[in-house]
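S.K.: The sequence shown: position 189 = 189 (full-length UniProt numbering), numbered continuously. We put the CB at the ideal spot given by N, CA and C, even for glycine.
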Amino acid sequence: MDLRQIEEDREASLVFLGMKPGTFDGTQGAAALVEWLHDMETIFGLYHIKAHLQVMLASRRLNPEVPLASAAPAGLQADPPMVREDLLYEWFRRMKAPEFEGLTDPIEADNWIIDIQVILDFMGLTELEKDKFNSMRQGSMTVLEAVKRFEQLARLCPEIVPNETEKVRTMMKMFQTDIAKQVSAGSIPPTLVADCISRAIRDEYWINQDKEARLKSLKLRRKKRLC
């Protein structure tokens, strides 16, 4: 499992725990089981929890004796050590990269960028950033947070998004599935980055509103069962 998948699974597990999911010990009868399964399905759907985590997370809630903290998958209790990144940084430092003195001469600035790019290419770091860019997904980030990260990677990998069309296409691939579907809906799909971002922000708002309504419904059902 790669580091990105581990981080996504860890975040999904924490979101699940934050919802304080109910338990089922097998003594409440079939009707209670159906209600419990409905609650699990609602939480999984609201937060786009992947299928490979759903069974594991739900099964931990079948036994009320299992503490909430243990519901996180084994091996995901702490962030993985960033050993590779530490080694790459040390290697980069030993390459004696030139410092940028804040010069205003654009030619000097361009020369500095070229020097850094040569070192990064030699180390294979640009390929590492390309992999990050191609595999980047919005995940639990907001649209604005994801766009900010997208723009950072776009500056490092301009050849992946050489024009507006490619930038829109790559950005659409990054968004959550629900948001991407809404953004591309209609007779005129977005062709400009600014239009793509504004549509995504708008659709994110309405999707979140729908989530809030469904959460209220879930809480009401729980409250009625307690009465």
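Rounded to whole angstroms, what's the CA-CA distance from residue 298 to V147? Just pull it up for me.
M.R.: Outside the shown range of the chain, which is 1 to 227, sits residue 298, and nothing can be said about it.
S.K.: Assign Q77 to buried or exposed, taking buried as 16 or more other Cβ atoms, counted over all protein chains shown, within 10 Å of its Cβ.
M.R.: The predicted model places Q77 with a pLDDT of 41, which falls under 50 and marks its position as unreliable; any figure quoted below should be read in that light. Q77 should be labelled exposed.
S.K.: Within the same chain, show all residues whose beta-carbon is closer than 7 Å to that of R137, passing over the 5 residues directly before and after it, in chain order.
M.R.: The answer, listed in chain order, is M174.
S.K.: With a threshold of 16 other CB atoms inside 10 Å of the CB of Q117, please say whether the residue is buried or exposed.
M.R.: Exposed, since its Cβ has fewer than 16 Cβ neighbours within 10 Å.
S.K.: Taking A194 as the reference, give the member of R214, Q209, V168, I188 with the closest Cα.
M.R.: If we check each option's Cα against that of A194, V168 comes out closest.
S.K.: Would you call the region 47 to 61 and the region 13 to 20 touching, i.e. three or more CB-CB distances under 8 Å?
M.R.: A contact exists between the region 47 to 61 and the region 13 to 20.
S.K.: Excluding the 5 residues preceding and the 5 following E212 in the sequence, name in chain order all residues of the same chain whose CB lies nearer than 7 Å to its CB.
M.R.: Excluding positions up to five away in sequence, the list is empty.
S.K.: Using 10 angstroms around the beta-carbon of R222, count the other beta-carbons present and answer buried if the total reaches 16, otherwise exposed.
M.R.: Per the 10 Å Cβ criterion, exposed.
S.K.: Can you tell me whether A157 is helix, strand or coil according to DSSP?
M.R.: According to the sequence as given, residue 157 is Cys; it is not Ala. Three-state DSSP puts C157 in coil, outside helix and strand.
S.K.: Can you tell me the Cα-Cα spacing of V161 and L226, whole angstroms?
M.R.: Using only the alpha carbons, I get a separation of about 54 Å.
S.K.: Using C-beta distances below 8 Å, list every residue in its chain close to L46, excluding the 5 sequence neighbours before and after it, in chain order.
M.R.: Here the set comprises K211, R214, L215.
S.K.: Beta carbon of D39, beta carbon of G22: below 8 Å?
M.R.: Contact flag set, yes.
S.K.: Quick check: is any heavy atom of the ligand ADP less than 7 Å from the C-beta of V161?
M.R.: Annotation note on the ligand ADP: not contained in the displayed structure, which lists no ligands.
S.K.: Under a Cβ-count criterion, where at least 16 other Cβ atoms within 10 Å of its own Cβ denotes burial, should G75 be classed as buried or exposed?
M.R.: Interpretation of G75 is limited by its pLDDT of 43, a score under 50 that renders its predicted location unreliable; the figure taken from the coordinates is listed afterwards. Exposed is the call here.
S.K.: Span of the alpha helix (DSSP H) holding R61?
M.R.: Counting along the chain, R61 falls outside any alpha helix (DSSP H), and DSSP gives it neither H nor E.
S.K.: Which same chain residues end up closer than 8 Å to E164 when comparing Cβ atoms and leaving out the 5 residues on each side of it in sequence?
M.R.: For E164, where only same-chain residues beyond five positions count, the Cβ hits under 8 Å are T191, L192, V193.
S.K.: What did DSSP end up calling S135 once you bin it into helix, strand or coil?
M.R.: DSSP places S135 in helix when its eight states are reduced to three.
S.K.: Closest to C196 by C-alpha separation, out of Y205, M171, R61, Q176, would be which residue?
M.R.: The shortest Cα separation from C196 among Y205, M171, R61, Q176 belongs to M171.
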